[in-house]
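Below is one structure; the comments refer to it alone.
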Amino acid sequence: MYILFLIILFGAIAALMASGAFQDLDNQIILWFESIRLPFLNDVMLALTDFGISALLVPIMLIFSVVLFMYKRYYSIMMLFLLYLTEKTINHELKGLFARERPAFDHLVVETYYSFPSGHSMNAATIYPFIAYLLVEMIPWLKERQKIVYLITGLCVLAIGISRMYIGVHYLTDVAGGFAIGLALFLICKKIDERLPVIRQK
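Structure below.
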């Protein structure tokens, strides 16, 4: 149900983006973020946005893989990296399909490829919830506090998406589209992990 909803939501966001119906609001949001920029906020947002980039995300995944290995969750390691590669491939293809240009406003970093959907937002919405899910499944103390774990994870993912708009390289629709398709991929992978207990390593 949630997976279907997220896919439909992505389609609706893509349709709004392609039609230009949301463009004025997209522009206004970027300009608003520009208006509140401060040096210390710039530093915070630039640090946050790095948590959605592959150069930092892959090392985080490798470190987490050590934890999975210690818990003998070998299949989960494979699933984690397969999820990442699938997400990256889908994002690249969607960017090429929609070919949306980056916001033509003041930006704090230079990005060269297309804008929709946001790759950083999609990375964050796919990988961090899956890591949180695996931690909750492995560690009883976290399982008892899973709502807090998922809340903190959700806030971190949201912060990464906001950082992309703040630094001026993505519109709201880019970020929302990335979140929708990223969460759908996470839920698909989570469902596979839940429904195939015979191949899960405990």
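For our numbering, add 81 to where a residue sits in the sequence shown, where the first one is 1. C-beta: ideal position from N, C-alpha, C; glycine also.
Asked, Found
"Residue of Phe162, Leu122 and Cys237 minimising C-alpha distance to Pro140", "Phe162"
"Three-state secondary structure assigned by DSSP to Gly263", "helix"
"Option nearest Phe86 by Cα separation, candidates Ile229, Leu268, Arg276 and Ile241", "Leu268"
"From Arg276, Glu275 and Ile262, residue whose alpha carbon lies closest to that of Ile84", "Ile262"
"Nearest-angstrom Cα separation, counted from Ala257 out to Ser196", "12 Å"
"Own chain, CB closer than 7 Å to Tyr231, minus 5 neighbours either side, in chain order", "Ala213"
"Pairwise C-alpha distance: Tyr156 and Lys271", "13 Å"
"Residue nearest to Arg181 in terms of C-alpha spacing, selected from His188, Asp187, Thr193 and Leu106", "Thr193"
"Asp187 - DSSP class collapsed to helix/strand/coil", "coil"
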